Structure formats: C-alpha cells, structure tokens
Amino acid sequence: MARATSVLFVLPLLATLLATASAQDYTPQAPSPLPDSQNPPPTPPPESVYIPPPTSPPPPVASSPPPPSPPPPAASSPPPPSPPPPAASSPPPPSPPPPASSPPPPSPPPPASSPPPPSPPPPVSSPPPPPPSPPPPPPASNWTPVANVNDPTIQQVAQFAVRIYALSTKELKMQLLSVVSGETQPYDGGYNYRLVITVTGGKKTQYDAFVWGILGTMSWKLWSFTPHVI
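In terms of UniProt numbering, the sequence shown opens at residue 1 and continues consecutively.
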C-alpha cells in the first residue's frame, strides 16, 4: 500500500519535470537569410531526456540502540595473595652429644717425702772423732788425782770429751758445765784422763769421760763416755 501511494505521488512530479526539461531544450529557429532559399529541414524534435524516477528514500532505519557501554572497570581487585612463605626448613637434628669421656683417674698423691734430716752444724775446729777405740787399758797403779779441776788442761780435755760425744749421738745441745773430779796417768807418750763431769742439755747430768791425748798435738781419743754411777 505504501508503495502504490509513492507511485501516485511520483507520477505528477515526473510529468512536471519532463515539461520543464522540454522547455529548456527547445531552441528557436534562426531566421532564413534569403527568401528564395529553401527551407531548411525541420528541426528534429528534441529527444526526450529520460530521467529515471527518483527512488523513494529508504525507510529510515530504526535507530539501533546504542551499543551497551562497556561495564565500568571492576573495582581493582585486591592483589592475589602472596604465596605462602616457603616452609621453614626444619632445623637439622641435634648432633649426638660427644661420648662422655670418663674423667682420668686422679693421679696418686705424691709420696710423702719425709723432711730431710737437719743438717749437722758445721764441725767445730776440733780433731775428727776418733774411730772406734779398743777398750781402755787396764787401770794402772800409777793414777794421780787431779789437784785443780779448773786447770785449763783439764778443762780442755773435758770440753773435748763433751763435744765428741755430742756429735756422735746427735745431742747437739749438750754443753760442759763443770769438772767434778779426775785423775791422770801417763800412757803411750801422752796421758790418760778419767774425769767426772757435769753437763747440760744431755739425757743425764753427770758422765764419766775417759780420754787419751798428747798435749800440744792433734792426737786425742775418747775411749768412753758413760753416765756416772754413784
């Protein structure tokens, strides 16, 4: 129906256009130059110009809906979770304790060394002790009592007897105190002396000393030195 309406509308318009075109294409005849000239051949009728009917405008295309706007950018999603930290490497197993070494046995205590014996005092300037002497000679009948026990010779003989005995018995504190009595006897170029003496620092206080010697020489001997018996 719409197409027939369009044709009816176009036909009058087309006729008008054809008339207008024919009027525009018409050219008036030029005057003849001479009367006796022959009439020119008639002008051929103008060729009708065919103008194709205008096509009906295409129906307006229904406006397609605008393309959907792109969705708004999604809210920035949180960054993906970081990968879990690598599993902590388990600590190496504890090394086995070193074998307990048994403590070394205690060293035995050093042997208790007995203190060295005290060194003897330096020897006095006297003759060395005599070697073991033979038993004293039998008493003779020519013994003479000592008149003065404080005589220097008698005191020296008694001092010699005490010193020799103290050194031989380690009774180093023994000292002569006095001469109580004595007697002498000539013998072997010298004299025998039998003295009763008193001492300090000894086991006893009185001793009988029997000495032989030659005055003015180093030849002296201690025959015996025994506790005095009353």
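Glycine is no exception: its CB is placed at the ideal position from the N, C-alpha and C atoms. Source: prediction; values computed, not measured.
By the Cβ criterion, the stretch 176-186 is in contact with the stretch 155-164, since at least three pairs of Cβ atoms, one from each stretch, lie closer than 8 Å. With a contact defined as Cβ atoms closer than 8 Å, Gln185 and Trp220 miss out at about 15 Å. With fewer than three CB-CB distances shorter than 8 Å, the stretch 163-175 does not count as touching the stretch 145-155. Where Ser181 is concerned, the enclosing beta strand (DSSP E) starts and stops at Gln175 to Tyr187.
An exposed status is given to Leu215, since fewer than 16 other beta-carbon atoms sit within 10 Å of its beta-carbon.
Look at Val149 here: in three-state DSSP terms it is coil, with no helix or strand label.
Within its own chain, the residues whose Cβ lies closer than 8 Å to the Cβ of Thr226, once the five positions on either side in sequence are excluded, are Tyr207 and Asp208, listed in chain order. Residue pairing by DSSP places Ala209 opposite Leu195 and Phe225 in a beta bridge. Here Gly213 is buried: its Cβ has 16 or more other Cβ atoms, across all protein chains shown, within 10 Å. When Gln175, Val146, Asn148 and Ala15 are compared, the shortest CA-CA separation from Thr205 is found for Gln175.
The three-state reading of DSSP puts Thr144 in strand, counting E and B together. By the Cβ neighbour-count rule, Asn192 is buried, with 16 or more other Cβ atoms within 10 Å of its own.
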